[in-house]
Amino acid sequence: MNSSVIVFPGSNCDRDIAVALEKLEFKNTMVWHKDITLPKSDLIVVPGGFSYGDHLRSGAIAAKSNILNEVIKSANDGCLVLGICNGFQILTETGLLKGVLLRNKNLKFLGKDIYVKTINNNNKFCNKYKQDQVLKFNIAHNEGNYFTSLDHLKELEDKNLIPFKYCDEKGNIKDENNPNGSLNNIAGIFNDKKNILGMMPHPERMVDQMISGDDGINLFKSLLN
C-alpha cells in the first residue's frame, strides 16, 4: 500500500508517522509542502506539529500550500486521508472536514496520555478495533477543542461519523474525561464518505509496546485490511 506524508515547516510528527507506516510495510514517500504533484498514493497523511509556527491560526497557512491542492483533489476522488492533530486543523481549514478546532477549554497546551472509546469501527480506519474498545493515546495540542454547528453535530451523531470520543479508562464518556472541551467529547470525525479522518490524538505514538504502548497500531492495520 502506497502512502504519502505531507511535510510543512514546523511539522514535528512527520517522522513519527513515517516510522509507524514503514513498520507496517507501507511504501511511504515524504512530500514537501512546495511540491505540486503527489506520488501514487492509497493513503495521504497530514501530520501533527506546528505548521508555519501556527501563525494566523493553527493550520491556516498550511491549508494554502501548493501540495494541498493535490491533497484536496485526491480526497475528493476517494483517496484515504488521515489528518492527525495539526493535520486535523489543516483539514478543517481546507474545508475537507467541517468544523473548527478552538483553544483548549483551560487555555493551556496539553501533552499527556488520555483514553478514547471506539464509537464506530465500521470503516476503513477502525475495522481492526472492537466496537466500544477503550484505547490509550497521546495528545499534544493547544487548539484541540472541536466545535461545529448544532446541525452538523447532529449529522455527525446520526450518520456515525465520529470514530472516537474521549473517555476514562473504563469507557465512561463524561465532561470530566474531556481534556480540551470538544463538543460531545469528540476526539475525531469523518467526512460523509468516511475516506477522510481527522483526529487530535496521536495513534502513531502508540505503535510499540516497549516504548509507549501499541493501541495505535490497529489503526494502521485497519488501513491494510
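Per our numbering: the sequence shown = residues 1 to 225.
Each residue gets a CB set at the ideal place from its N, CA and C atoms; glycine is no exception.
Note that the structure is predicted; figures quoted are calculated from it, not measured.
DSSP three-state assignment for residue 67, whether helix, strand or coil: Shown here, residue 67 sits in a helix according to DSSP, grouped into three states.
Quick test of the definition: if touching needs 3 or more C-beta pairs under 8 Å, does the region 205-223 touch the region 133-141? Judged by Cβ distances under 8 Å, the region 205-223 makes contact with the region 133-141, as three or more pairs qualify.
Cβ of residue 125 within 8 Å of Cβ of residue 222? yes
Should the region 29-43 be regarded as contacting the region 99-115, the criterion being three or more beta carbon pairs within less than 8 Å? no
DSSP three-state call for residue 195: helix, strand or coil? Under the three-state reduction of DSSP output, residue 195 falls in the coil class, being neither helix nor strand.
According to DSSP, is residue 87 part of a helix, a strand, or is it coil? helix
Residue 19 lies in the alpha helix (DSSP H); which residues open and close that run? 14-23
Distance check for residue 114 and residue 169, CA to CA, integer angstroms please. 8 Å
Got a sec? Which residues, its chain only, sit under 8 Å from residue 55 by beta carbon, not counting five neighbours each side? Closer than 8 Å at the Cβ level, and outside the excluded window around residue 55, lie 61.
Pick out whichever of 40, 23, 24 and 25 has its Cα sitting closest to the Cα of residue 31. Measuring from the Cα of residue 31, the nearest candidate turns out to be 40.
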